[in-house]
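For the record, the sequence lines run as chains A and B. Okay, so the first sequence: first residue is 1 according to my numbering, each after it adds one. Okay, so the second sequence: first residue is 268 according to my numbering, each after it adds one. Below you'll find the structure, written out as structure tokens, and then a few comments.
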Amino acid sequence: MTAKVVTVTSGKGGVGKTTATANLGAALAENGQKVVCIDADIGLRNLDVVMGLENRIVYDLVDAVEGRCRLRQAMIRDKRLPELYLIPAAQTRDKSAVSPSDMIRLCSELRPDYDWIMIDSPAGIERGFRNAVAPADIIIVITNPDVSAVRDADRIIGLIEAEEKGPARLVINRIKPGMVRKGDMLSVDDVLELLAVELVGMVPEDENVIQSTNRGLPVVLDGKSKAGQAFRSIARRLNGEKVPFPNLEEESGFFNRLARWLRAEGS
Amino acid sequence: MSAFLNRLFGREPKSASQAKERLKSVLVHDRTDLSPGVIADLKDDIIVAISRHVEIDPTAVKIKMSYDGREQRLIADIPLRSVRRRY
Chain A
1 MTAKVVTVTS GKGGVGKTTA TANLGAALAE NGQKVVCIDA DIGLRNLDVV
51 MGLENRIVYD LVDAVEGRCR LRQAMIRDKR LPELYLIPAA QTRDKSAVSP
101 SDMIRLCSEL RPDYDWIMID SPAGIERGFR NAVAPADIII VITNPDVSAV
151 RDADRIIGLI EAEEKGPARL VINRIKPGMV RKGDMLSVDD VLELLAVELV
201 GMVPEDENVI QSTNRGLPVV LDGKSKAGQA FRSIARRLNG EKVPFPNLEE
251 ESGFFNRLAR WLRAEGS
Chain B
268 MSAFLNRLFG REPKSASQAK ERLKSVLVHD RTDLSPGVIA DLKDDIIVAI
318 SRHVEIDPTA VKIKMSYDGR EQRLIADIPL RSVRRRY
């Protein structure tokens, strides 16, 4: 077993990095693969609450790096998925407590025993970002279809290319298909034309994400959630499967389907 | 009022296409670190250099940034002034 290291980053904060890391980790683990998620956002840890593991933390990433515990002691096993682990960030330290070479060393220690190492990057382009991308084999840039998130994604993609870690792969999160149809939100094609990178996923805005996160459960375990389905598709694409992209802008719902059916019958 | 009428009759461009156009120009400048001011200076230098060799109309010179995928290029459009030949 040689784990692939996937870093999820974005530049701008609040676009869904932590949600994506937790859900991709869960989707891969649900598929029977061994996964470690690492929260690299030292000082502002959040992956633990999103995964619902906040009450089990004894040691953290900085403890493991500084040798206060063995790496295994800093790994928390998920409640539902026995193949999923979390290494939480330290809350009382800052980004300078860990260096890019620490992250490379830590990942090489984990690689032989796991299939995937998922790293949740902090926002920004400073030390924390460099820590998160240093060990990466694959970098996923996550953005939202709005001007500031797309602009920051472009900066990050440029930095990833400059570090020779590219090409980055893009996930567009929080798409509102109704607004895209009305011409009031950038479409997937618009964002792809602007950023000119490979698309690996598109995730619709979905209230189930908020509900699952409130409960500390991954939304991928909710079979009805559209966002959950989108994250499962991204996990399959990471595994090399060719999963077609759905047309999110197509109208759905009973009345729209009825209208389309009537139009089709009439012609 | 006219904004309202424009919206009513669908003459105002959709907000998504405005976002896209604005992003196009912002990204070009972000990627190259060339601000509009630097491009203006560059244009002046190009006009001086070319004028040493051929006659051009400085007011007709256009410099713009364009990009193809993630590659940037600078495009200069320099119309030559037609020279009346003397015999």
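We put the CB at the ideal spot given by N, CA and C, even for glycine.
- Contact between the stretch 231-239 of chain A and the stretch 27-37 of chain A is present: three or more C-beta pairs spanning the two stretches fall below 8 Å.
- DSSP places residue 120 of chain A inside the beta strand (DSSP E), whose first and last residues are 116-120.
- Around the beta-carbon of residue 223 of chain A, fewer than 16 other beta-carbon atoms lie within 10 Å, marking it exposed.
- At least one CB atom of chain A sits nearer than 8 Å to the CB of residue 298 of chain B.
- The Cβ of residue 184 of chain A sits closer than 8 Å to at least one Cβ of chain B.
- Spatial neighbours of residue 204 of chain A in its own chain (CB-CB distance under 7 Å, excluding positions within 5 residues in sequence) are listed in chain order as 175, 177, 226, 227, 230 and 248.
- Per DSSP, the unbroken alpha helix (DSSP H) holding residue 287 of chain B starts and ends at 282-299.
- Secondary structure within the stretch 28-99 of chain A: the beta strand (DSSP E) runs of 3 or more consecutive residues, fully enclosed, are 35-39 and 84-87 (chain order).
- Distances from the CA of residue 1 of chain A to each of A:11, A:91, A:240 and A:112 were compared; the closest alpha carbon is that of A:112.
- For residue 72 of chain A, not one C-beta of chain B is nearer than 8 Å to its own C-beta.
- Interface criterion not met: the Cβ of residue 162 of chain A is under 8 Å from no Cβ in chain B.
- Within the stretch 180-251 of chain A, the runs of alpha helix (DSSP H) at least 4 residues long that lie entirely inside it are, in chain order, 188-195, 207-215 and 226-238.
- Contacts with chain A (Cβ-Cβ distance below 9 Å) from the stretch 280-307 of chain B involve 280, 281, 282, 283, 284, 286, 287, 289, 290, 291, 293, 294, 297 and 298, listed in chain order.
- By the criterion of a C-beta distance shorter than 7 Å, residue 16 of chain A is surrounded in its chain by 142, 173 and 174, once the five residues flanking it on both sides are discounted.
- Here residue 326 of chain B is exposed, its C-beta having fewer than 16 other C-beta atoms within 10 Å.
- For residue 4 of chain A, the secondary structure class from DSSP, reduced to helix, strand or coil, is strand.
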